[in-house]
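Residue numbers (our numbering): 30 to 250. By construction, the Cβ of each residue, glycine as well, lies at the ideal position given by its N, Cα and C atoms. These figures come from a predicted structure and were not determined experimentally. Working notes, beginning with the structure itself.
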């Protein structure tokens, strides 16, 4: 079956077909924003800085036509429309994580740019490196929501909700962009706390173990 896109590579390679499906500007970032749960149109516009309403509408329509995203209406009293990934669309997570891990070594990657909560969490999933100094369970408290990240030798677990929050050893507060600059941009956590951009409560050693689990990658030659 051909895609509904007017432009295609007309190439039998499945990688080329993948680009037919998700290669348009913004398309993969829309998928990124939906990986941690459904969102309304207005939420997507907020998280995808710079996208116009028309372009977002076009990308959502195409992703829906190709079976990557579905649109559904919440029951009353919310009764609002949301967008969510299909089961097949959710399988793109590993692809996005792998792309992020590869691009993190780009010598052209600019630091200090805004990043959404989903972008930060996927970066953490991509760059997590288990350390010998023990596990951690830290709540990342961001203006657009919290996430509890737990690091063990087996990997990184990301959870949401009050039950997950109860297991957190510490709360690390700040915008997703500030937390990203501390984890991956070389910004000192002491400087961020002193300036008021970040706040920490609870077990500071747990936060230290979290920071050590995300070494800044060396740029490719």
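Where residue i falls: helix, strand or coil (DSSP)
| i | result |
| --- | --- |
| residue 238 | helix |
| residue 245 | coil |
| residue 179 | strand |
| residue 107 | coil |
| residue 23 | Residue 23 cannot be examined here, being either before or after the span of the chain that is shown, 30 to 250. |
| residue 59 | helix |
| residue 231 | strand |
| residue 199 | strand |
| residue 92 | helix |
| residue 192 | helix |
| residue 165 | strand |
| residue 149 | helix |
| residue 30 | With a pLDDT of only 46 at residue 30, under the threshold of 50, the placement of this residue in the model should not be trusted; the figure read from the coordinates follows. Note: residue 30 maps to coil in three-state DSSP. |
| residue 128 | helix |
Nearest to residue i (by Cα), restricted to the options the options
| i | options | result |
| --- | --- | --- |
| residue 142 | 190, 198 and 207 | 207 |
| residue 198 | 190, 226, 189 and 164 | 164 |
| residue 243 | 213, 221, 233 and 129 | 213 |
| residue 57 | 236, 98 and 210 | 98 |
| residue 247 | 122, 221, 156 and 127 | 156 |
| residue 201 | 111, 42, 215 and 226 | 226 |
| residue 249 | 92, 131, 41 and 61 | 131 |
| residue 116 | 93, 138 and 161 | 93 |
Cβ-based burial, residue i [other Cβ within 10 Å; buried from 16]
| i | result |
| --- | --- |
| residue 245 | exposed |
| residue 168 | buried |
| residue 183 | exposed |
| residue 81 | exposed |
| residue 195 | exposed |
| residue 118 | buried |
| residue 147 | buried |
| residue 177 | buried |
| residue 30 | Caution is warranted here: a pLDDT of 46 is assigned to residue 30, below 50, making its placement in the model unreliable, and no coordinate value can be reported. |
| residue 166 | buried |
Distance CB(residue i)-CB(residue j) smaller than 9 Å
| i | j | result |
| --- | --- | --- |
| residue 73 | residue 151 | no |
| residue 70 | residue 44 | no |
| residue 61 | residue 125 | yes |
| residue 51 | residue 114 | no |
Residue(s) in a DSSP beta bridge with residue i
| i | result |
| --- | --- |
| residue 170 | 175 and 202 |
| residue 112 | 68 and 100 |
| residue 186 | 179 |
is_contact[residue i, chain B] using C-beta, thresh 9 Å
| i | result |
| --- | --- |
| residue 40 | Any reference to chain B falls outside this structure, which holds one protein chain only. |
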